[in-house]
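Have a look at the structure below, then the notes.
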Amino acid sequence: MTETIRTADLCDAHPDTMRVFLPGLQSFGGVALFHGPCVTLRTVDDNSVVKDCLGEPGEGRVLVVDNAGSLRRALVGGNLAELGARNGWAGLIVNGAIRDRHELAGIEIGILALASVSMKTDKRGIGTLGVPVSVRGVTVDPGDWIYADLDGVVSAPHPVHDTHS
């Protein structure tokens, strides 16, 4: 069972370290609380690299995808969420849209996004991994730690929770 880590408690304990995402991300996955080191990806309405990432072992990491807030195409749907859950990803944060929300709610992975939209993406192989991305007012660097719960999302350059509990 995953330990319960509250973002408000982290902000209270580490006010100078925590970077707080602006409100606006909605929870769509079957897991509301998740955390882990992140993998970053920048793309434009193309989920080819998202699929490649989620096809690799997640090892409890969080994939943070910057789609520049585009709501034209859904970067994650039921198939990709299931792939990520199967491969051990803790969660996904999408600065853009998802789809298949009726399926996502039953999949054991955290999924945060701006909205849902029915249109799938193009598959052009576009995406850059391992670069700083900007999501909801926060610049996220590869390897930063992400913490998400019902209050919101925060990040830090290193783990700030008790790793021995």
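Our numbering numbers the first residue of the sequence shown as 70 and each following residue consecutively.
In this text, a Cβ means the ideal position worked out from N, Cα and C, and glycines have one as well.
Being a predicted model, the structure only gives us computed values, none of them experimental.
In the structure shown, the three-state DSSP call for Gly160 is strand. Exclusion of the five residues before and after Pro211 leaves Thr109, Gly199 as the residues of its chain whose Cβ lies within less than 6 Å of its Cβ.
For Arg75, there is no enclosing beta strand (DSSP E), as DSSP marks it with neither H nor E.
Within the model, the alpha-carbon separation for Ile74 versus Gln95 is close to 19 Å. Spatial neighbours of Gly93 in its own chain (CB-CB distance under 7 Å, excluding positions within 5 residues in sequence) are listed in chain order as Leu183, Arg205. Nearest to Leu140 by C-alpha distance, out of Tyr216, Ser185, Trp214, Pro201, is Ser185. Closest in alpha carbon position to Glu128, among Gly160, Arg142, Asp115, is Gly160.
Close CB contacts of Thr86 within its chain, under the 7 Å cut and outside five residues either way in sequence, are with Ala225, Val229 (chain order). With a cutoff of 9 Å on beta-carbon distance, Val134 and Leu144 are scored as near each other. Per DSSP, the continuous alpha helix (DSSP H) segment holding Ser117 begins and ends at 117 to 123. According to the DSSP secondary-structure assignment, His104 is paired through a beta bridge with Tyr216.
Taken through DSSP and simplified to helix, strand or coil, Gly165 comes out as strand.
The beta carbon of Ser187 sits closer than 8 Å to the beta carbons of Ala143, Arg168 from its chain, once the five residues preceding and following it are set aside; these are given in chain order. Sequence-distant partners of Thr197 (beyond 5 residues in either direction) whose C-beta falls short of 6 Å from its own C-beta, in its chain, are Arg111. For Gly99, there is no enclosing alpha helix (DSSP H), as DSSP marks it with neither H nor E.
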